[in-house]
Amino acid sequence: MNSRCYPAKMETSTLCFLVGLLFTPSISAESRQRLHYVVPDRNYSTAIHNVSSLSVGSISDQCLKCICLVESNCLPIGCRMDVSSLSCGYYQIKLPYWTDCGRPGTGWKECADDHSCATTCVINYTAKYRSKTSCPDTCESYARIHNGGPHGCMKSSTIPYWHKVQSKGCS
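Note that the sequence shown covers residues -29 to -1, 1 to 142 in mature numbering (1 follows the signal peptide of the UniProt record, and there is no 0).
See the structure below:
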């Protein structure tokens, strides 16, 4: 979740957005926990981004944690050679993945080793490609896309990766 938006109570006087107005059937149960946000300093663009990402479903915090544990034990481990190209940071992000997620931060390797930036990248990437498939809005779909690319949720080769994610406490 973006650090500029945080859950709040209805009585908070700061600008609030009730995401429930934008409900669609594709919102995951995990996302429903984040229905109400306070946006400090009238940061409308952040609020609109968060509202729109929740309205089409998004990867849960728990799922992100499980993926992070599988990839690096959730540590900034730098870059490693993986399938003939470098994978970097908390989520073992490759350069094309970082490009597809919108190139957040100041650079690929720097973003991959910054937990907040890397998490933003994974959220963007998995949401982008999950919405282009018929795969359900589940941790399994997001994890398999993270591992296997745009159509990873439909590839049998990503099932063993999903089992690793499950072993970290996700279902």
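Note that beta-carbon positions come from the ideal geometry of N, C-alpha and C, so glycine has one too.
Bridge-paired residues (DSSP) for residue i
i             : result
methionine 52 : Leu57
isoleucine 64 : Cys59
Whole-angstrom distance between residue j and residue i, CA atom to CA atom
i             : j             : result
glycine 76    : proline 67    : 15 Å
cysteine 88   : tyrosine 100  : 19 Å
glycine 119   : threonine 97  : 11 Å
arginine 74   : histidine 117 : 16 Å
valine 41     : glycine 78    : 23 Å
threonine 109 : isoleucine 64 : 21 Å
valine 136    : serine 55     : 23 Å
Distance CB(residue i)-CB(residue j) smaller than 9 Å
i            : j             : result
tyrosine 62  : valine 93     : yes
tyrosine 113 : cysteine 34   : yes
serine 43    : methionine 52 : no
lysine 103   : arginine 115  : no
lysine 36    : cysteine 106  : no
Member of the options whose CA lies at the smallest distance from the CA of residue i
i             : options                      : result
alanine 83    : Tyr96, Cys50, Ser127, Ser105 : Cys50
isoleucine 48 : Ser128, Asp108, Lys80, Cys37 : Lys80
aspartate 32  : Pro121, His86, His122        : His86
threonine 91  : Gln137, Val41, Thr70         : Thr70
serine 138    : Ile38, Ile30, Ser29          : Ile38
Proximal residues to residue i (C-beta, below 6 Å), its chain only, five neighbours per side dropped
i                : result
glutamate 111    : Trp133
phenylalanine -7 : In this prediction, phenylalanine -7 has a pLDDT of 33, which is less than 50 and means its spatial position is unreliable; what the coordinates show is noted afterwards. The answer is none, since no qualifying residue turns up.
asparagine 95    : Cys72, Gly73
proline 121      : Tyr100
Nonlocal neighbours in the same chain, by C-beta distance under 7 Å from residue i, ignoring five residues either side
i             : result
threonine 129 : Arg115, Asn118, Gly119, Gly123
Other residues of its chain near residue i: CB distance less than 8 Å, five sequence neighbours each side excluded
i          : result
glycine 60 : Ser43, Pro47, Ile48, Gly49, Cys50, Lys80, Cys82, Ala83, Asp84, Asp85, Ala89
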